[in-house]
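Report on the following structure.
There are 2 protein chains.
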Amino acid sequence: MGISERKTREREERERRIVLAARTIAEREGWASVTIRRLADEIEFSQPVLYSHFQNRDEIVGAVALEGFGELAAVLRVAIQPSSTPKQLVEDVATAYLDFAFARPAMYEAMFVLPTGLRFARSDTPAQLREGFGAMATVIAPFSKDVDTATETFWAALHGLAQLERHGRIRPAFRAHRITLIMQMVSGQSR
Amino acid sequence: MGISERKTREREERERRIVLAARTIAEREGWASVTIRRLADEIEFSQPVLYSHFQNRDEIVGAVALEGFGELAAVLRVAIQPSSTPKQLVEDVATAYLDFAFARPAMYEAMFVLPTGLRFARSDTPAQLREGFGAMATVIAPFSKDVDTATETFWAALHGLAQLERHGRIRPAFRAHRITLIMQMVSGQSR
DNA sequence: ACATATATTCTAGCGATGCTAGATTGTCAA
DNA sequence: TTGACAATCTAGCATCGCTAGAATATATGT
């Protein structure tokens, strides 16, 4: 009775193709070009089929964002080299975070700006959403008693840097300076 | 020959009414409800009239955002009390900034998230866009040699806190803790 | 094997949106 | 009064997210 198995397999494959198409179009042309009609064309099914996979367009964005959180977490973990000093680790993670944000603006937008319907801080929150935070907490821990709050603040600083620079509010040429400043701030060193 | 004066006066008045309507609707129902048709209804003119004032919808959002920058600057200036200590000033400005962001989410969204077509860091950049930054620089200056970069970083941290909390990514209950952390970080005090 | 029931998928369309071309109206100077 | 010009409106285009209901394919029962 492998028929129903094949069907669910095909369904999952189709869903992956939807998410991949959304991601590809977003990265190439921006999220405004990710329309239901366009995605339907891409997977060669009619539009209503998409609504049997996702409740609405926001959920598709959310599916892409979820992949993004997994990849961000991986990037941050790679940045954490055991041989580095605690201060160096903070700087490396900060740099890796911003590199990710600027290298994949559409993905970052899906993760942090667009409505996605993703649930944070809940019992059913997917692991990907916690892992990135965990990586940041790892490098913050040596410098703080209240690790969670300190990590939240660190994260917020990085997110703010990414957003303000992307919108042309702060000077791109001074990105490294600002990272240094954050690193020094976190590590508790004056000036 | 006061006729043409009257006409330009009426035009300006009409433009103010458009911006006010956009702002009011956005604050009450969100930016998605700010449609050209709705605004046209509000000012009792047909839709094309709006396009004789603004090139497109984004420019209307931008006009509201511009007001917001003026008001944010005013709020920050009020928070700067000469009698306070430098450290207290940093905390007060940070608190005032976040209070503004949470009290007027739609306005803040127009200023920092939505596309507006506003030009920053240019010769023709309106004064409002610089004043808020100036107020933040005032309280950061005592703690930094490179004031501009330090202010950018401070600003980014505040913006990140506002955005992450608004999207439910960090714990609202710990907002004050995070502000304290930032204040301590900026003032160069360990832990 | 055939009829019936059940999924699955599609066609067609609704109610919006931002924006605009072209007709219409109002306002001046000659 | 007429003719030019500016201001404004009517009507509509293309596109969007989303969905009801028809059509088709698949599974089940006899």
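Just so you know, the sequences run in chain order A and B.
Going by numbering that gives the first Met the number 0, the final residue of the first sequence carries number 190, and the count climbs one at a time with no gaps.
Going by numbering that gives the first Met the number 0, the final residue of the second sequence carries number 190, and the count climbs one at a time with no gaps.
C-beta atoms are modelled at their ideal positions from N, C-alpha and C, and glycine is treated no differently.
Near SER32 (chain A), which residues of its chain fall below 8 Å by C-beta distance, leaving aside the five closest residues on each side in sequence?
Counting from one through the first sequence, the residue named residue 32 (chain A) turns up at place 33. Closer than 8 Å at the Cβ level, and outside the excluded window around SER32 (chain A), lie ILE24, ALA25.
Between ALA156 (chain B) and chain A, is the shortest Cβ-Cβ distance under 8 Å, so that the two count as touching?
Against the second sequence, residue 156 (chain B) aligns to sequence position 157. At least one chain A Cβ lies under 8 Å of ALA156 (chain B).
Going straight from the alpha carbon of TRP30 (chain A) to that of ALA105 (chain A), what length do you get?
Here residue 30 (chain A) is taken as the residue at index 31 of the first sequence, counted from 1. Here residue 105 (chain A) is taken as the residue at index 106 of the first sequence, counted from 1. Spanning the two alpha carbons is a distance of roughly 7 Å.
Since HIS176 (chain A) is in the alpha helix (DSSP H), which residue starts that stretch and which ends it?
Within the first sequence, numbered from 1, the residue matching residue 176 (chain A) stands at position 177. Taken as a continuous stretch (DSSP letters only), the alpha helix (DSSP H) holding HIS176 (chain A) covers 174-185.
Does the region 148-167 of chain B touch the region 153-165 of chain A, meaning 3 or more C-beta pairs lie closer than 8 Å?
These segments touch.
Can you tell me the Cβ-Cβ gap for LEU65 (chain B) and GLN127 (chain B), rounded? I've got them flagged as a contact below 8 Å.
By one-based count along the second sequence, residue 65 (chain B) stands at place 66. By one-based count along the second sequence, residue 127 (chain B) stands at place 128. Contact holds; Cβ gap of about 6 Å.
Let me see if you follow: with CB-CB separation under 8 Å, is PHE99 (chain B) close to chain A or not?
Reading the second sequence from its first residue, position 100 is the one you call residue 99 (chain B). Answer no: the Cβ-Cβ gap between PHE99 (chain B) and chain A never drops below 8 Å.
At the 8 Å Cβ level, is PHE68 (chain A) part of the contact set with chain B, yes or no?
On the first sequence, residue 68 (chain A) is found 69 positions in, with the first residue counted as 1. So no, PHE68 (chain A) is outside the interface.
Over the uninterrupted alpha helix (DSSP H) stretch that includes THR137 (chain A), give me the two end residues.
Here the question's residue 137 (chain A) lines up with position 138 in the first sequence. Here the alpha helix (DSSP H) through THR137 (chain A) covers 127-139.
Would you kindly report the start and end of the unbroken alpha helix (DSSP H) that includes LYS86 (chain B)?
Mapped onto the second sequence, residue 86 (chain B) falls at position 87. Looking at the DSSP string, the run of the alpha helix (DSSP H) that includes LYS86 (chain B) is 85-102.
Is there at least one non-hydrogen atom of the ligand MG closer than 7 Å to the beta-carbon of THR150 (chain A)?
Ligands in the displayed structure: none, and consequently the ligand MG is not present.
Would you report the Cα separation of ALA21 (chain A) and PHE99 (chain A), rounded to the nearest angstrom?
Here residue 21 (chain A) refers to the residue found at position 22 when the first sequence is read from its first residue. Here residue 99 (chain A) refers to the residue found at position 100 when the first sequence is read from its first residue. Rounded to whole angstroms, ALA21 (chain A) to PHE99 (chain A) spans 19 Å at the Cα level.
Below 7 Å on C-beta distance, what does ILE35 (chain A) contact in chain B?
Locating residue 35 (chain A) in the first sequence gives position 36, where the first residue counts as 1. Residues of chain B passing the Cβ test: none, with the nearest at roughly 18 Å.
Can you list, in chain order, the residues of its chain whose CB lies under 6 Å from that of SER189 (chain B), leaving out five sequence neighbours each side?
Residue numbering aside, residue 189 (chain B) sits at position 190 when the second sequence is read from its first letter. Residue confidence is low: SER189 (chain B) scores 46 on pLDDT, short of 50, so the model does not pin down where it sits. Its coordinate-derived value is still stated next. Correct list: empty, nothing qualifies.
Rounded to whole angstroms, what is the Cα-Cα separation between MET0 (chain A) and ASP57 (chain A)?
For this step, residue 0 (chain A) is matched to residue 1 along the first sequence. For this step, residue 57 (chain A) is matched to residue 58 along the first sequence. The pLDDT assigned to MET0 (chain A) is 48, lower than 50, so where the model puts this residue is not dependable; a value taken from the coordinates is nonetheless given after this. Approximately 36 Å between the Cα atoms of the pair.
Assign ARG15 (chain A) to buried or exposed, taking buried as 16 or more other Cβ atoms, counted over all protein chains shown, within 10 Å of its Cβ.
If you number the first sequence from 1, residue 15 (chain A) lands on position 16. ARG15 (chain A) comes out exposed.
For GLN162 (chain B), name the three-state secondary structure that DSSP assigns.
The residue labelled residue 162 (chain B) in the question sits at position 163 within the second sequence. Helix.
Is it true that the region 174-188 of chain B meets the region 134-142 of chain B, where meeting means three or more beta-carbon pairs spaced less than 8 Å apart?
Touching, per the Cβ criterion.
Counting along the chain, where does the alpha helix (DSSP H) carrying LEU38 (chain B) start and finish?
Counting from 1 along the second sequence, the entry for residue 38 (chain B) is found at position 39. First-last of the alpha helix (DSSP H) with LEU38 (chain B): 35-42.
When DSSP labels each residue in this structure, what does TYR107 (chain B) get in the three-state scheme?
In the second sequence, counting from the first residue as 1, residue 107 (chain B) sits at position 108. Residue state, collapsed to three classes: helix.
Within 10 angstroms of its Cβ, does VAL92 (chain A) collect 16 or more other Cβ (buried), or is it exposed?
The residue you call residue 92 (chain A) lines up with position 93 of the first sequence. That one is buried.
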